[in-house]
Amino acid sequence: MDKSPSSNLGSSKEEQGSEDLKQSTADMTQFTSFLNCNALDDMGNKIDELEQSINHLKAEMGVDGAVKATPEETKPSEGAD
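Following UniProt numbering, the numbering of the sequence shown begins with 1 at its first residue and continues without gaps.
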């Protein structure tokens, strides 16, 4: 005689709890994916900025390097003695 409505409620609660857990897991997965995407986007932007800075520095060194390289080339090397 355990087939009373109250025993069926326990089963429904277990099913509801299971569904809540599945939904909670799905929500957490979606949230984590969102955070990962944002983190990757931020890193991508920082990498782009870093590459631009490096290219800018290379361009400056290319201009400055051409001026500075000439006097250094005229100096005799120390190992030539």
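Just so you know, even glycine gets a beta-carbon here, dropped at the ideal spot from N, CA and C.
### Query
Taking just the CA atoms, how far does residue 58 sit from residue 23?
Answer to the nearest angstrom: the Cα atoms are 52 Å apart.
### Message
Short of 8 Å in beta carbon distance, which residues of its chain neighbour residue 15, apart from the five on each side in sequence? Order them along the chain.
### Response
Nothing listed; no residue qualifies.
### Task
Give every residue of the same chain whose Cβ lies closer than 8 Å to the Cβ of residue 19, excluding the five residues on either side of it in the sequence, and list them in chain order.
If the five residues before and after residue 19 are omitted, its C-beta is found closer than 8 Å to no C-beta atom of its own chain.
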